[in-house]
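A.B. asks: In our numbering, the protein residues as written are 56 to 379. Idealized CB from N, CA, C, for every residue including glycine. Fair warning: this is a prediction, and the values are worked out from it, not measured in the lab. Here's a structure for you.
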Ligand code: GTQ
Ligand code: FE2
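Pasting the structure below:
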C-alpha cells in the first residue's frame, strides 16, 4: 500500500530530515542503515544443536496415545533451531524430524515440491512407504527418497510402532518460495509395483558393503556418497564409517549439514557445543562451523547437506582440514 508521504522531499532541509522522508517511501540510505549487509566471513546465525532419539521416541510414544494419523497427517517431531523466532528449520535450508507410526496405521498420500528422505531407525517387517505407486520396504538403516512432487504415503502393517528420521529441504523452498503441496485425491494411492530394488532405496547393508571396499582415509574413516543427486539435486547424502576410537574432523564449509547416527556412540564438538551422542540422535552443523566427532564404538553416520546448492551457485567454500 502506498500512503501519501507526509514529508515533502523537495523542501527537506538537511540529512537528518531526509531519513524519515526516505523511510516513508521505503527507501533507506545505504550509509545510514541499522544493520550491515556485508561481513567478512559467515556469521553462523543457526546454532549447533543436538537432539536425542531416546527423548524424541518417548515423546512420540506419549503423543501416540493422544493423536492418530487421522488427525495428524504425519506424527512427527521437528528438530527446530532456536534462532530468532524460528520454530521449524533445523538449518538454514534443511529440516529434520522424527516420525512414528503405530501398528495398523497409514500416513495418507500427498506430494509437495520439497524433496524428502527417511532414515529408518526402528521398524519390524510390515513397514513400507509407497512412492509414486512403488512399494518400498522400510527396514532399519534404510534411506528412502521421496523426490520433489512424488506421491508418498507410509504404512505400518507390523505389530510394533515404527520410528524414523525425515529430512527435507523445506526451508530452502521457503527461502526461494516455489512451494506447492497437494493431498492425494483418493487419500491412499494404489500400489502399482513392488520391486526388489529401487533407485529411491539405499539399504544400510549395501552402504556398509561399499564402505568396506573403500580404502580408509588417514583418520581411518570412510565416506560413501549416495547416488541420489539426479533424483534430489538440492542435497548431498552420504554415509561415513568411523572406527572405534577414531576421530572425524569435518572442515568448516559454507554447506549446512545434518547428521543422523545410524549406529555407534561417542562425543562431538560442534562449534562451542560439546555433547555425547548415541544411535538415532540428530545434530546440526550449521554453515561455517567446525565439527569434531570422536567415536567410542564403531560408528556409522548419515549426513544430508545442501552442498550441491552452494556448488551450483558458486558459493561453496571449505577450509582446509584442521587436525586438532
Ligand atoms: O512424511 O511426508 O516430517 O511431508 C514433514 C513433512 C514428514 C512426510 C515430515 C512431510 C513428511
Ligand atoms: Fe511429505
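In chain order, which alpha helix (DSSP H) runs of at least 4 residues are fully inside the stretch 218 to 244?
C.D. replies: List check, alpha helix (DSSP H) in window: 225 to 231.
A.B. asks: Excluding sequence positions up to five away, which residues of its chain have a Cβ less than 6 Å from the Cβ of residue 396?
C.D. replies: Outside the displayed span of the chain (56 to 379) sits residue 396, for which this structure offers no information.
A.B. asks: Looking at residue 311 and the ligand GTQ, is the gap between the Cβ and the nearest heavy atom below 6 Å?
C.D. replies: The answer is no for residue 311.
A.B. asks: What ranges does the alpha helix (DSSP H) occupy inside the stretch 75 to 153, keeping only unbroken runs of at least 4 residues that lie completely in it?
C.D. replies: Counting whole runs of 4 or more residues, the stretch 75 to 153 contains the alpha helix (DSSP H) stretches 108 to 121.
A.B. asks: Look at the Cβ atom of residue 296, then the Cβ atom of residue 223, and state whether they are nearer than 7 Å.
C.D. replies: Their beta carbons are not under 7 Å apart, which means residue 296 does not touch residue 223 by this criterion.
A.B. asks: Closer than 6 Å to a non-hydrogen atom of the ligand GTQ - does that hold for the CB of residue 104?
C.D. replies: Checking the Cβ of residue 104 against the ligand GTQ gives no.
A.B. asks: Contact between the stretch 85 to 99 and the stretch 134 to 154 is defined here as three or more beta-carbon pairs at a separation below 8 Å; is this criterion met?
C.D. replies: Not touching, per the Cβ criterion.
A.B. asks: So is residue 225 buried or exposed if we call it buried at 16+ other beta carbons inside 10 Å?
C.D. replies: The residue in question, residue 225, is buried, as its Cβ has 16 or more Cβ neighbours within 10 Å.
A.B. asks: Would you list the residues whose beta-carbon is nearer than 6 Å to any heavy atom of the ligand FE2, in the order they occur in the chain?
C.D. replies: My final list is 165, 167, 171 and 207.
A.B. asks: Between the beta-carbon of residue 209 and the beta-carbon of residue 162, is there less than 7 Å?
C.D. replies: Cβ distance < 7 Å, so residue 209 and residue 162 count as in contact.
A.B. asks: Tell me the DSSP secondary structure of residue 172 in three-state form.
C.D. replies: Three-state DSSP puts residue 172 in a strand.
A.B. asks: Have a look at 156, 167, 187 and 188 and flag the residue whose alpha-carbon is nearest the alpha-carbon of residue 175.
C.D. replies: It is 156 whose Cα lies nearest to the Cα of residue 175.
A.B. asks: Residues in its own chain within less than 6 Å of residue 192 by CB, not counting five upstream and five downstream?
C.D. replies: Closer than 6 Å at Cβ, skipping near neighbours: 183.
A.B. asks: Sort out for me which residues DSSP pairs residue 342 with in a bridge.
C.D. replies: None, per the DSSP bridge assignment.
A.B. asks: Taking Cβ positions, are residue 143 and residue 335 nearer each other than 7 Å?
C.D. replies: Not closer than 7 Å, so no.
A.B. asks: Rounded C-beta distance between residue 227 and residue 364? I'm assuming under 8 Å.
C.D. replies: Right, their Cβ atoms sit about 7 Å apart.
A.B. asks: Please go through the same chain and pick out, in chain order, the residues whose beta-carbon is closer than 7 Å to the beta-carbon of residue 177, but skip the five residues on each side of it.
C.D. replies: So the list reads 195, 217 and 218, once near-sequence residues are dropped.
A.B. asks: So does residue 187 have its beta carbon nearer than 6 Å to some heavy atom of the ligand GTQ?
C.D. replies: No, the Cβ of residue 187 stays beyond 6 Å of every heavy atom of the ligand GTQ.
A.B. asks: What number of angstroms, rounded off, separates the C-alpha of residue 131 from the C-alpha of residue 88?
C.D. replies: Distance between the alpha carbons of residue 131 and residue 88: 41 Å.
A.B. asks: For residue 197, verify whether its CB is less than 6 Å away from any heavy atom of the ligand GTQ.
C.D. replies: No - the ligand GTQ has no heavy atom lying nearer than 6 Å to the Cβ of residue 197.
A.B. asks: Suppose contacts are defined by Cβ-Cβ distances below 7 Å. Is residue 188 in contact with residue 212 by that definition?
C.D. replies: Cβ atoms of residue 188 and residue 212: not closer than 7 Å.
A.B. asks: Would you mind giving the Cβ-Cβ distance between residue 349 and residue 320, rounded to the nearest angstrom? I have them listed as a contact below 8 Å.
C.D. replies: So it is not a contact: roughly 10 Å between Cβ atoms.
A.B. asks: Would you check if there are 3 or more beta carbon pairs closer than 8 Å linking the stretch 232 to 241 to the stretch 256 to 275?
C.D. replies: With the cut-off at 8 Å, the stretch 232 to 241 and the stretch 256 to 275 do not touch.
A.B. asks: Within the same chain, show all residues whose beta-carbon is closer than 7 Å to that of residue 80, passing over the 5 residues directly before and after it, in chain order.
C.D. replies: Closer than 7 Å at Cβ, skipping near neighbours: 60.
A.B. asks: Please classify residue 151 as buried or exposed, where buried requires at least 16 neighbouring CB atoms within 10 angstroms.
C.D. replies: It is buried - the Cβ of residue 151 has at least 16 other Cβ atoms within 10 Å.
A.B. asks: Please classify residue 363: does DSSP put it in a helix, a strand, or coil?
C.D. replies: Residue 363: helix per DSSP, three-state reduction.
A.B. asks: Per DSSP, what are the beta-bridge partners of residue 373 in this structure?
C.D. replies: Answer is 308, bridged to residue 373.
A.B. asks: Compare the Cα-Cα distances from residue 128 to each of 199, 236, 272 and 91 and report the closest residue.
C.D. replies: With distances taken between Cα atoms, residue 128 lies closest to 236.
A.B. asks: Give every residue whose Cβ lies closer than 5 Å to any heavy atom of the ligand GTQ, listed in chain order.
C.D. replies: Residues with a Cβ closer than 5 Å to any heavy atom of the ligand GTQ, in chain order: 129, 131, 152 and 221.
A.B. asks: My assumption, with CB atoms under 8 Å, is that residue 77 sits in contact with residue 84. Please give the rounded CB distance.
C.D. replies: Their Cβ separation, rounded to whole angstroms, is 6 Å, which keeps residue 77 and residue 84 in contact under 8 Å.
A.B. asks: What does the alpha-carbon distance come out to for the pair residue 258 and residue 82?
C.D. replies: Straight-line Cα distance between these residues: approximately 54 Å.
A.B. asks: How long is the line joining the alpha carbons of residue 72 and residue 310, rounded to whole angstroms?
C.D. replies: Going by the C-alpha atoms only, they are around 43 Å apart.
A.B. asks: Determine the direct distance from the alpha carbon of residue 186 to that of residue 353, and round the result to whole angstroms.
C.D. replies: Straight-line Cα distance between these residues: approximately 33 Å.
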